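Down below is the structure, laid out as structure tokens.
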Amino acid sequence: MAENQSINISVSTGTILKIVGIFLVLAFVYLIRDILITVFVALIFATLIEPVVNKLEAKKVPRGVGVIIIYIILILFLVFVVRMLIPPIVEQVGLLAVNFPNFWNRIMENFESLRQYSEQQGFLDNIQRSLTGIQSNLSKAATGVYAFIVSIFRNLVNFLVVLVVTFYLVVQKGALSKVLKALAPSKYHLYLEDLSLRIQQKIGGWARGQLLLGLIIGVFSFVGLIFILPKYALVLAIVAGITEMIPYLGPLIGAIPAVFLGFTVSFGHGLAVLILYVVIQQLENNVIVPQVMKKQVG
1 MAENQSINIS
11 VSTGTILKIV
21 GIFLVLAFVY
31 LIRDILITVF
41 VALIFATLIE
51 PVVNKLEAKK
61 VPRGVGVIII
71 YIILILFLVF
81 VVRMLIPPIV
91 EQVGLLAVNF
101 PNFWNRIMEN
111 FESLRQYSEQ
121 QGFLDNIQRS
131 LTGIQSNLSK
141 AATGVYAFIV
151 SIFRNLVNFL
161 VVLVVTFYLV
171 VQKGALSKVL
181 KALAPSKYHL
191 YLEDLSLRIQ
201 QKIGGWARGQ
211 LLLGLIIGVF
221 SFVGLIFILP
231 KYALVLAIVA
241 GITEMIPYLG
251 PLIGAIPAVF
261 LGFTVSFGHG
271 LAVLILYVVI
281 QQLENNVIVP
291 QVMKKQVG
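Take a look at the structure:
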């Protein structure tokens, strides 16, 4: 008979302490996740506006004054855009909510089994209720622009914190580098200084590129849809622009509602919308994205 063999596994005290330390760090990060998110958003915002602040500084405008000027311009621009866009968006979403049952019935005419299942599950009622809710919220926003702007941010305090942190990051040159160096031994300071600079450049370039891509795709979509689905062109173009900033699946998500509405009008309309989005997608992948990201990120 084979002799019984025992296997002894020894774990050093240092290994145990390292594991415990890792768990403690992860727990700490989880506890301060809201703070980290706020700082990350502020970092993105800072990298977006810093090039403008640098240009103003070159014209003898103090950095702090430059940031305040940008804040004022952005707020005024946001108020103007909301006042201009909310009324037509409310109208188009309202039309969509009213006409959606007809759209749905047209699609379901050729899919009787799917129609029966959707009626059992209440899909139509849920979708129409959601659209009506969106219309109601947008209508309220149209009569209270400032309340709508504030409601974009879940918490006004967090919004103010983002502005304050952004102000600090932009006004104090190398603020991120100083923070990182304060948390690390001196032998890593040179590396961290270079790292912080590269982080800001890459994040800033990426964020500016995404915003520019969203704007370009939104405009292209609007120009095409105004000839195919004029009643809903603005809403669908805004959806396309916003979803463009979602990695990988964004363009597909943005195209689905437009193609769906197109086919509810007629097969020709649906095919035209589908072709439009395919053409935009091809232009995006082969021309727009390479050029924009090459210029912004390098």
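At position 281 of the sequence shown (counting the first as 1) the number is 281 in UniProt numbering, and the numbers step up by one without a gap.
No residue lacks a Cβ here, since even glycine has one placed at the ideal position from N, Cα and C.
Values in this document were obtained by computation on a predicted structure and should not be read as measured data.
Buried or exposed, going by whether 16 or more other CB atoms sit within 10 Å of the CB of residue i?
i: leucine 17; result: exposed
i: threonine 13; result: exposed
i: serine 221; result: buried
i: phenylalanine 23; result: exposed
i: lysine 294; result: exposed
i: glutamine 291; result: exposed
i: valine 29; result: exposed
From what residue to what residue does the alpha helix (DSSP H) around residue i run?
i: asparagine 54; result: 33 to 58
i: glutamate 193; result: 189 to 228
i: glutamine 282; result: 267 to 283
i: valine 235; result: 233 to 243
Measure the CB-CB distance between residue i and residue j and report whether it falls below 8 Å.
i: isoleucine 246; j: isoleucine 253; result: yes
i: alanine 258; j: leucine 234; result: no
i: leucine 163; j: tyrosine 277; result: no
i: serine 177; j: leucine 160; result: no
i: residue 300; j: valine 67; result: Nothing can be reported for residue 300: it is not among the residues displayed for the chain, which extend from 1 to 298.
i: glycine 218; j: alanine 240; result: yes
When you compare the CB of residue i with every CB in chain C, is at least one pair closer than 8 Å?
i: tryptophan 206; result: Of the protein chains in this structure there is only one, and it is not chain C.
>> Contact between the segment 192 to 212 and the segment 39 to 58 is defined here as three or more beta-carbon pairs at a separation below 8 Å; is this criterion met?
In response: yes
>> I want to know whether the segment 259 to 276 touches the segment 226 to 245 - three or more CB-CB distances under 8 Å.
In response: yes
> Can you find at least 3 beta carbon pairs, one from the segment 176 to 188 and one from the segment 62 to 78, that sit closer than 8 Å?
Replying inline: no
> Is the segment 161 to 175 touching the segment 49 to 68 in the sense that three or more CB pairs, one from each, lie closer than 8 Å?
Replying inline: yes
> When the Cβ atoms of the segment 279 to 294 are set against those of the segment 209 to 222, are three or more pairs found closer than 8 Å?
Replying inline: yes
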